[in-house]
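Shown next, in structure tokens, is the structure this report addresses.
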Amino acid sequence: VQLQASGGGLVQPGGSLRLSCVASGSIFIPNAMGWYRQAPGKQRELVARITNDGTTNYADSVKGRFTISRDNAKNTVYLQMNSLKPEDTAVYYCNLGPLYGRPIYWGQGTLVTVSS
108 VQLQASGGGL
118 VQPGGSLRLS
128 CVASGSIFIP
138 NAMGWYRQAP
148 GKQRELVARI
158 TNDGTTNYAD
168 SVKGRFTISR
178 DNAKNTVYLQ
188 MNSLKPEDTA
198 VYYCNLGPLY
208 GRPIYWGQGT
218 LVTVSS
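Per our numbering, residue 108 is the first one in the sequence shown, and the count goes up by one each step.
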């Protein structure tokens, strides 16, 4: 399984970005896809995840600002990020794994920088 993420970049505080991640290969079903992020000097943390049937989970720090969605037919997961803050600056990694348990496959990461 390969994951290809895109959509990162530089945005001002209060702005928006949309990340995308396409999965390819022998993808098992059911599964969960999601996003983690890692800021400089910090541990990687869960941002959001979504299962095949649309069940979602969010980190408290992004609730109400970020929305995760997926297109099962395209094996693609999206992360719409609104009201971005400087503390959202990080490398964002998409992933795919079982419904229960940790992610197995990871994308290459895409950098999101929130700065004026």
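The C-beta atom is built at its ideal place from N, Cα and C for all residues, glycine as well.
* To do: Find the nearest neighbour of A197 within the set S168, V219, S123, I136, judged by alpha-carbon distance.
  => The option with the nearest alpha carbon to A197 is V219.
* Can you tell me whether N202 is buried or exposed, with buried defined as 16 or more other CB within 10 angstroms of its CB? -> With 16 or more other Cβ atoms from the protein chains shown falling within 10 Å of its own Cβ, N202 counts as buried.
* Bounding residues of the beta strand (DSSP E) (the contiguous stretch that carries A112) -> Start and end: 109 to 113.
* **Segment limits, beta strand (DSSP E) that includes R151** => Run containing R151: none; DSSP gives neither H nor E here.
* Asked: DSSP on D178, reduced to helix/strand/coil?
  -> Strand.
* Would you check whether the ligand FAD has a heavy atom nearer than 7 Å to the C-beta of C128? => The ligand FAD is absent from the structure shown, which contains no ligand whatsoever.
* Whole angstroms is fine: what's the gap from Q150's alpha carbon to L110's? => Looking at the two C-alpha atoms, the distance is approximately 21 Å.
* Host beta strand (DSSP E) of Q187 (start-end) -> Where Q187 is concerned, the enclosing beta strand (DSSP E) stretches over 183 to 188.
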